[in-house]
Each structure stands twice: as structure tokens, then as C-alpha cells.
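Residue numbers (UniProt numbering): 1 to 694.
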Amino acid sequence: MANPSPRRSLPLLMSPHKGGRSALTCEFRCGNACAHDVSNASDNTYFGDVVASALSRRGMLRASALGVIAAGAGVAGVAGAVPAAADPEPESLSTAGGRHGGRGSLRFAAVAPNREDRIVVPEGYASAAVVRWGDPVLPGAPAFDYENQTAAAQAQQFGYNCDFVTFFPMGGHRGLLWVNHEYSDEALMFRGYTGGSTATDEQIKIGLAAHGGSIVEIERVRNSGQWKLVTRGRRRYNRRITAQTPMKFTGPAAGSDLLKTAADPSGTSVLGMLNNCAGGTTPWGTVLTAEENFNQYFAMGGGAPEEQKAGLKRYGIDPTSTKPSGRGWERLEERFDLSKNPHEVNRFGWIVEIDPFDPDSTPIKRTALGRFAHEGATTTLARDGRVVAYMGDDSRFEYVYKFVSKKRYIPGFDRHNRTLLDEGTLYVAKFTGDSPATEIDGSGKLPADGQFDGSGEWIPLVTGNVSHVPGMTAAEVLVFTRLAADKVGATKMDRPEDIERNPVTGGVYLALTNNSNRTPAQVDEANPRPSNKHGHVLEIVEKHNDAGATTFAWSLPVVCGDPNDPATYFAGFDKTKVSPISCPDNVAFDRDGNLWISTDGNAFKLNDGLFVMPVTGPERGYLRQFLTVPIGAETCGPLITQDQRSVFIAVQHPGEVDGASPETPMSHWPDGGDSQPRPSVAVAWHTQGKKIGS
Ligand code: FEO
Ligand code: CA
Ligand code: CA
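Following this line, the structure appears as C-alpha cells:
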């Protein structure tokens with residue numbers, strides 16, 4: 001490793017992170033997951049059916065809920081609510097949030113819902129792109145040329161569709177940005193693209209190189225909250241990780257037969273990472289990046305061995321398919337052909353740890369954290385110092401997980417800390433409601449006790465090499481975590497995405513994006529609306545506020561949608577003052593403990609945005625839109641810097657709307673004119689240097 005690293009220890013707990021989408025987004029991001037059957041066909045219960053657990057839920061809730069959490073409890077915001085209204089049209093949306101400036105600690109006037117092809121920020125703020133698809137990352141990389149892109153250039157340039165963003169200050173006015181590149185959209189990247197079966201070899205190679213992640217050095221602009229890419233000098237940490245970068249496996253499943261392939265008979269090394277969505281950071285200053293919809297890259301499930309087909313199906317891969325994959329990568333790399341390399345798929349769907357300050361380091365897939373459509377992984381510490389990672393499995397009816405290390409984090413003992421994610425216990429969440437099932441009627445109306453709330457438990461799946469799931473080995477639990485969770489009564493959720501702990505209160509917040517497939521018979525108190533198109537936010541208070549606990553209390557502080565819709569809830573706050581919100585995806589916190597929420601797939605057919613809401617005090621539930629992103633884009637990443645003067649967002653897939661093509665681009669962001677849209681990381685700041693949101 002290169003000498004003196006400017007690595008700073010990170011403030012503990014602070015780590016950032018992401019339906020109504022276009023056909024292009026559905027095809028390229030998740031392989032049309034919504035068009036396929038739900039992967040979770042287990043007869044695992046919806047908890048509405050479950051008999052109340054032995055745990056005294058009410059007792060626990062009262063005993064352990066934080067005072068600050070209790071402040072918002074029991075406020076019946078929409079008592080007497082009526083059944084959900086019909087689909088709100090954009091013009092009928094409440095825009096009240098746009099007319100009220102805040103009075104508490106957050107004092108900006110909310111941005112109104114819109115369809116503008118730019119980033120819209122509140123008055124007094126500015127925004128700018130920091131790094132765009134194709135910008136040179138490695139010194140000497142060629143300048144971006146949309147019309148003449150090559151794989152060699154792409155491998156040295158900023159990748160496509162940026163998602164998770166995190167920032168490592170380096171002292172002075174410099175810092176490193178880590179950015180995930182979740183997926184490529186070849187239909188917008190190449191003129192005349194007609195699909196994987198006709199893609200050129202070069203297009204396939206560009207796609208492979210456009211995935212992964214980037215590390216780039218950035219610098220502050222003058223003394224403002226704006227940052228820009230460093231474009232000269234050595235930039236010794238700048239790095240591209242792609243779908244072909246050598247990586248290794250560690251943890252209990254490393255070396256297991258399930259990970260062995262012809263190319264890697266040891267089951268310990270793999271090329272690349274795929275579909276990295278959100279992520280987190282560790283207390284020791286590394287990145288955790290999450291492989292999400294990896295299933296779509298694999299073809300020919302019909303040719304896989306019979307004994308493997310149940311596992312394929314549970315992970316969203318058609319075990320009868322004889323068709324090529326969407327991008328056709330298996331033509332160039334046989335490892336993506338399940339009939340020839342049936343285990344290669346088991347080597348994707350992991351949390352990957354990357355050291356941003358060691359450009360020569362090998363990224364590590366940490367098998368102890370399980371394998372599923374990982375949305376992200378955010379860390380905190382248990383009271384006794386063990387490391388805890390919270391994780392969502394972003395598919396309809398999937399589960400929420402957490403990992404708790406066996407050993408404790410020791411500040412400054414880097415060699416020790418780097419082993420912590422290899423040994424511990426992986427848990428899956430079970431949520432139980434405390435109101436009678438008859439009161440959860442699907443209308444969104446709050447039950448008589450005034451809250452969608454209850455208790456929960458973390459059910460252990462595996463500890464080190466010891467499985468807690470009958471009939472499955474530890475390696476099987478880790479490689480087929482969904483199948484293991486099916487067997488222990490985990491609760492099926494409405495697409496669990498980002499989950500992160502509030503650094504001030506210790507509450508844990510989970511974004512549940514949406515679930516068009518939940519039927520009226522399947523509603524429960526934690527997922528109370530059928531055909532849930534706008535999603536909701538769930539808050540967990542671990543017992544004794546200890547992230548290492550195995551029981552918790554939970555509630556839904558936000559049930560999303562148009563505040564005019566009675567089936568919405570904003571912690572009891574005056575709904576005439578809040579902004580409409582749809583499809584919460586990523587959550588983040590500023591240093592004051594305000595909850596920031598970015599959205600993906602605005603079911604109002606308006607632009608996605610970034611919202612902020614206090615979670616304590618009289619303004620708990622006062623949710624306001626802070627910015628919106630250009631047409632077709634989703635808002636990812638959100639990261640509020642520690643000095644609170646800058647907010648970074650990833651603007652993913654601008655212009656990816658129905659009917660868009662390189663001939664008819666639907667967005668020209670960020671370059672303007674008649675340019676092609678470019679996924680980019682942007683920054684917003686107050687023009688007078690004030691704290692973001694204040
Ligand atoms: Fe990549 Fe779960 O969004
Ligand atoms: Ca996401
Ligand atoms: Ca209740």
C-alpha cells in the first residue's frame with residue numbers, strides 16, 4: 001500500500017446511501033423483475049396470520065422505546081380516515097409543501113413537484129454535476145466521445161448509472177468519492193442498439209466496463225459547498241472497478257463447493273461485481289457495496305443441473321429458460337451461461353468490501369453477510385462494540401437482515417477490524433403487529449391504537465460455521481439465504497431497500513419502496529396497504545437501543561403518497577404542510593439526525609426527489625422535498641457531508657423514459673443543448689455557505 005494514507009476515521013454510524021419506472025429502466029436495471037412471478041413462493045406467513053408472539057410486545061415497546069421516539073407516538077394523524085382515493089393525477093397533488101418555509105431547524109421552502117429537465121433546488125441553493133458518465137477517472141484516460149466509445153476507454157472512465165455515493169475527506173479541500181455503477185443501459189448508450197443477441201463484441205465489453213464502481217479525487221470549489229473533479233496530477237487513489245476486476249471471497253462460504261467453478265476450483269476468487277446498488281461504509285474507513293439484481297446477467301437456466309433449479313428460481317432466474325440474457329454477455333464470457341457454468345451465479349449477490357485508500361487492494365466478497373438481492377449494507381456498533389450491518393433484500397415480499405460480528409471493533413487496530421465481517425451471526429427480521437388483524441383493513445386507516453406498530457425479533461440463521469436452519473449447512477444458508485429465511489418465519493416485506501441507523505437517536509429506518517403484488521388478503525400491520533404503489537418508511541427501536549439486540553419495537557412514521565390521500569401518514573404532522581412523496585428508496589442522516597429520503601419511481605409520474613424530515617420533536621413527520629432530479633432519473637446516493645455544507649446525489653438514468661433513444665433523447669442533462677443524457681453525481685450547496693436545509 002502506498003505510504004502515508006490520508007485515511008481519517010469515519011464518524012460512527014454515518015454512512016449514506018437508494019415502481020412507476022420506464023420500460024427501459026425495468027429491462028436494464030432489474031431484468032424486468034416486475035413482469036416475472038414473485039420469487040418468494042414460500043408459504044412463509046404474512047404476519048397478519050401469526051399468533052401473537054410470546055414476547056410481551058406492549059411491555060417491550062413501553063420499556064425500550066426512546067423518549068424521543070415516544071414523542072411522536074400515539075398521535076392519530078388521520079383518525080376517521082376513509083378508504084384510499086383513486087389514483088391521484090399530477091395536477092391534483094398537494095403542493096402545500098412548496099408554499100411553506102420551515103420554522104424549526106430546517107428552514108428551506110420545499111421544492112414543488114415538477115417535470116423539469118434539471119436539478120431543482122430551494123431558493124438560495126445551487127447545484128452542479130461533479131462527475132459524469134465517461135469523465136476520465138484514471139490519469140491519461142481519453143476524453144468522453146459518445147459517438148466513438150470503446151471498452152478500453154470505458155474501463156478508465158466513470159461508469160454508467162451511478163448509485164451509492166460516499167465521501168472520504170482527505171484533509172484540506174480534497175476528498176475521495178466512491179460511486180457504484182449499478183447497470184448499463186445499452187439502448188441509450190449506443191445508437192441503433194437492438195438487444196443482446198445482435199450486440200457487437202465491443203458493445204458487450206463496454207457494458208462490462210461500465211458496471212462496478214469508481215473512486216475519484218475531488219476538490220472544493222473556492223471555499224464553497226461545491227466540489228469538482230480533480231482533473232490533473234497524480235490522483236493516486238483514482239480507480240475503476242468493473243465486472244471483470246479480480247475479487248476474492250472470505251468468510252464461512254469461501255471455498256465451499258457451491259462457489260467452485262471450472263475457472264476457480266478453489267471457490268475463493270471471482271471476476272467482478274454486478275448491479276451494485278446502494279452500500280455503506282465501515283468504521284475502519286472502507287466501502288461496502290451491494291450486488292443487487294445479479295440474476296439478469298445469467299442465461300440458459302434450463303441447462304443448469306436439476307438439483308440447482310430450486311435455488312435459481314428463488315433468486316429470480318427462470319430454470320426453464322433456453323434464451324440468451326438481455327445483454328448477451330454469455331456470448332463473450334461463458335461464465336454467464338448456466339448450462340456451462342452453473343455455479344458462477346452463486347458468486348454474485350454479495351456485499352463487497354473495498355478499500356478506497358489502497359488502489360492495489362483486492363475487493364472482498366464477504367460471505368458471512370449472506371447472498372440475496374442486496375440493496376445496501378450500513379454499519380453501526382452494538383453497545384459492546386460488535387459491528388452490526390443492516391441489509392435489505394430489494395424484491396417484492398423479501399426480507400430484512402442484519403449481521404452482528406462475533407468480535408468487537410477496536411479503534412485503530414486495522415488488521416483486527418478487517419476480519420470482523422468474516423465471523424458473526426446473520427439474522428432475518430420478523431415483524432409482529434400489535435393491533436387486531438381486523439383493524440388492518442387495507443385502506444391505510446390507522447388502527448384504534450393510532451399507529452401501525454408492533455414488536456419484532458431478529459431470528460438467527462447462521463453463526464460462523466454453525467447453521468441454525470434445519471436441513472441446511474452454514475454454506476447453504478449463506479449462499480441460499482432466501483431459502484433459509486423462508487424456513488424460519490421471516491416477514492415478507494414491500495421491497496426492503498435502504499436501512500440505516502440514526503446517529504443521534506439510534507433509531508433504525510428502513511425504506512419500503514412499493515409492492516404492486518400485495519393483495520388485500522396479504523396486508524399486515526408492517527405492510528398495511530395492498531397494491532402498495534407509493535411505499536412507506538419503517539422505524540425500528542432495538543431493545544435498550546442496542547444494535548446488538550435480538551428484539552425490537554417498530555412503527556411506520558411515514559406512509560407515502562399524496563398527503564391529500566387519506567391513506568397516507570406523516571407521523572401525525574399537519575398533512576397540509578408536507579410534500580407528496582412516492583417510492584422511498586435510499587435513506588441517510590445528517591449530523592443533526594434528520595432523515596433524508598431519496599425516491600425511485602415516482603408513481604405520480606413526476607420527477608424523483610430528495611426529501612428531509614425531522615424524526616424527533618414537534619416537527620417529526622414534517623417531510624419536505626429538498627430537490628428534484630431531471631426527467632427520467634432516480635435520486636440515489638444521498639450523502640450530507642459532515643460539515644453539512646454539501647449534499648451529494650447520484651442522478652441515475654436521466655432520460656430513461658419510454659420512447660427515449662439516442663436519436664430522440666428525453667433528457668439533455670447535465671450538458672444541455674442537444675446532448676445525450678449522462679448519469680452523473682451532483683452536489684447541491686447553499687450559495688452563502690449555510691448548513692444544508694437550514
Ligand atoms: Fe437498485 Fe433496490 O434499487
Ligand atoms: Ca435502491
Ligand atoms: Ca398498532
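Cβ coordinates follow ideal geometry from the N, Cα and C atoms, glycine included.
A Cβ-Cβ distance of about 2 Å is found for the pair Gly303 and Ser339, placing them in contact under the 8 Å criterion.
For Ala126, the enclosing beta strand (DSSP E) starts and ends at 125–132.
By the beta-carbon neighbour count (other beta carbons within 10 angstroms, threshold 16), Asp145 is exposed. Unbroken alpha helix (DSSP H) stretches of 4 residues or longer found wholly inside the stretch 479–546: 481–486, given in chain order. Beta bridge pairing from DSSP links Tyr427 with Lys402, Pro460.
In this structure, the C-beta of Ala278 approaches ligand 2 to less than 6 Å from one of its heavy atoms. In this structure the stretch 339–356 touches the stretch 292–299; the number of beta carbon pairs closer than 8 Å is three or more.
Per DSSP, reduced to three states, the secondary structure at Phe573 is coil, with no helix or strand assignment. A heavy atom of ligand 1 is found nearer than 6 Å to the CB of Glu292. Secondary structure at Leu176: strand, using DSSP grouped into helix, strand and coil.
Taking a 10 Å sphere around the C-beta of Asp422, we find 16 or more other C-beta atoms and assign the residue as buried. Remark: C-beta atoms of Leu483 and Arg314 approach each other more closely than 7 Å. Between the C-alpha atoms of Gly617 and Ser256 there is a straight-line separation of about 50 Å. By the 16-neighbour rule on beta-carbons within 10 angstroms, Gln203 is buried. Partner residues in a beta bridge of Asn295, as assigned by DSSP, do not exist. Counting along the chain, the unbroken beta strand (DSSP E) around Glu217 starts and ends at 212–220.
Residue burial annotation: Gly689 is exposed, with fewer than 16 other C-beta atoms found within 10 angstroms of its C-beta.
Those residues having their beta-carbon less than 5 Å away from any non-hydrogen atom of ligand 3 are, in chain order, Asp434, Ser435, Pro447, Asp449, Gln451, Asp453.
In this chain, the beta strand (DSSP E) harbouring Cys162 covers 162–169. Rounded to the nearest angstrom, the gap between the Cα atoms of Gly392 and Gly370 is 11 Å. Taken atom to atom, the span from the alpha-carbon of Gly548 to that of Lys430 is near 16 Å. Going by C-alpha positions, Tyr401 is about 42 Å away from Ser675. Around the CB of Pro356, 16 or more other CB atoms lie within 10 Å, so the residue is classed as buried. By the Cβ test, the stretch 649–667 is not in contact with the stretch 31–42, since fewer than three Cβ pairs between them sit closer than 8 Å. With fewer than three CB-CB distances shorter than 8 Å, the stretch 551–559 does not count as touching the stretch 514–524. In the DSSP assignment, Glu353 falls within the unbroken beta strand (DSSP E) covering 351–354. The Cβ-Cβ distance between Val428 and Ala389 does not fall below 7 Å.
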